[in-house]
Every structure is written in C-alpha cells, then in structure tokens.
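A short worksheet on the structure shown next.
Numbering (UniProt numbering), first residue to last: 1 to 206.
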C-alpha cells in the first residue's frame, strides 16, 4: 500500500528524451561512454538555462521520477525519509568517510572522471579482460574500505539506496537479486557488501 501511494503521489519530471536513441554498446546491455569536446568546462546556472536546461525546485525529501518522452522512468531523485534520524545518519557517514580520508594515500584514486575528489571503488568486478568475477583489490586502502563497509551509518544509507531501487525498478532489482544469489552460491568467497543491499559494487567519495 505504501509503495502504491508513493508511486501515485510522486510528481514526475517530464522530458523529451528518446531513450531508444541513446548510444549503447554492441550488445545493447550497457550505455556507450562518449566524451564531449568541452566536457571539463564548468557552466553557470544561467548558461545552462540558456542552453535549454530546466531548474527543478526540490526539497530533497519527496521522490521525483524523471521520465522520457514515452513516460518511461529513466532516473529517480529518490529523496530521503521524513525522519530526522536519517539525516543525522547521513552526517555520521560523511564524518566517518572524511575522517578515514585524512592522511590516506589517494594517488591513483584521484584520477577519474567523477569530479575533483578521490573515489575508491569496492565490491565485485567482472570486466577488463577478467575470466571470472572477483573482488576489487584496494591495496593500501583496503583497511579504510573495510572499516567503512562495517559502519552502521553507511549500512543504513546502502539499505535505503537498495530499497529505493526496488521501489522504482522492481524488475531490475529482482534481476540483480536472482543472478547475484546464483553467483554467491557458486562462488561463496564472493559475498554482498552490505546485508540488505542488492548492489555488488559501491564507491566511497572522499
């Protein structure tokens, strides 16, 4: 009942995006990464508005699905619970991540396209020539990652992210759950990162 109420009351953000025309890899299983010539440029809000972007007011709590021209949900601003303890939990997680990052050796972790901050990936990987799935190796940062994965505040955030995914993309969530369960049964040394999260990978931004 609660899930149905959220779906019915959430105000969608309509776009003219043609999802079917987006670039994808040959098997159409994942998006094709491409880089704009001026991708590093930083824009002011008024410049983006002049280019046709829209500024959407949002209080950060109630979810707002983003839909394409056919009404398909392509992204969701999932928000957060109307519970002050959850906001406090997020701040606790932030403080722990920042504390762990002080004095850490982020030489390699600082080179990525997400932003001007170190980012450390963790979890299960299967790509770049791998023949079998394996856990990412974090080297000198492994101890930091291990402590953050065990943080109660981080676990609560991971739980909410997975629950939101289940709410807005239940079929994909079930696909993840079913196939990862088979993977964990076949390769028991590969286990989930968090007790109530379906995602096999996570990233800590410092």
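Just so you know, even glycine gets a beta-carbon here, dropped at the ideal spot from N, CA and C. Note that the structure is a prediction, hence the values are computed from the model and not measured.
So, at 6 Å on beta carbons, what are the nonlocal neighbours of residue 165 in its own chain, with the 5 sequence-adjacent residues on each side left out? By 1-based counting over the chain shown, the position of residue 165 is 165. Answer for residue 165: 173, listed in chain order.
4-residue-minimum alpha helix (DSSP H) runs that sit fully inside the segment 123 to 200, ordered along the chain: Entirely contained in the segment 123 to 200, the alpha helix (DSSP H) runs reaching 4 residues are, in chain order, 142 to 149, 152 to 168, 170 to 186.
Residue 50 to residue 56, Cα distance in whole Å? Here residue 50 refers to the residue found at position 50 when the chain shown is read from its first residue. Here residue 56 refers to the residue found at position 56 when the chain shown is read from its first residue. Each residue's alpha carbon lies about 15 Å from the other.
Distance, Cα to Cα, residue 62 vs residue 13? Residue numbering aside, residue 62 sits at position 62 when the chain shown is read from its first letter. Residue numbering aside, residue 13 sits at position 13 when the chain shown is read from its first letter. Cα-Cα distance, rounded: 13 Å.
Does residue 88 come out as helix, strand or coil in the three-state DSSP assignment? Here residue 88 refers to the residue found at position 88 when the chain shown is read from its first residue. Reduced to three states, the DSSP call for residue 88 is helix.
From which residue to which residue does the beta strand (DSSP E) around residue 45 run? Numbered from its first residue, the chain shown carries residue 45 at position 45. Per DSSP, residue 45 lies in no beta strand (DSSP E) segment; the continuous alpha helix (DSSP H) that holds it begins and ends at 45 to 50.
Below 8 Å on the Cβ atoms is my contact criterion, and I expect residue 72 with residue 19 to pass it. Report the Cβ-Cβ distance as a whole number of Å. On the chain shown, residue 72 is found 72 positions in, with the first residue counted as 1. On the chain shown, residue 19 is found 19 positions in, with the first residue counted as 1. Correct: roughly 6 Å between the Cβ atoms.
Which whole-angstrom value is the C-beta distance of residue 31 and residue 121, which I expect to be below 8 Å? Numbered from 1 along the chain shown, position 31 holds the residue referred to as residue 31. Numbered from 1 along the chain shown, position 121 holds the residue referred to as residue 121. Actually they do not touch by this definition, with Cβ atoms about 18 Å apart.
State the DSSP-derived secondary structure class of residue 114, mapped to helix, strand or coil. One-based indexing of the chain shown puts residue 114 at position 114. Residue state, collapsed to three classes: coil.
Please report the straight-line C-alpha distance between residue 42 and residue 21, rounded to a whole angstrom. If you number the chain shown from 1, residue 42 lands on position 42. If you number the chain shown from 1, residue 21 lands on position 21. Answer to the nearest angstrom: the Cα atoms are 26 Å apart.
What are the boundary residues of the beta strand (DSSP E) that residue 64 is part of? Mapped onto the chain shown, residue 64 falls at position 64. Taken as a continuous stretch (DSSP letters only), the beta strand (DSSP E) holding residue 64 covers 64 to 67.
Mapping DSSP to helix, strand and coil, what is residue 14? On the chain shown, position 14 is the one that residue 14 refers to. Strand at residue 14.
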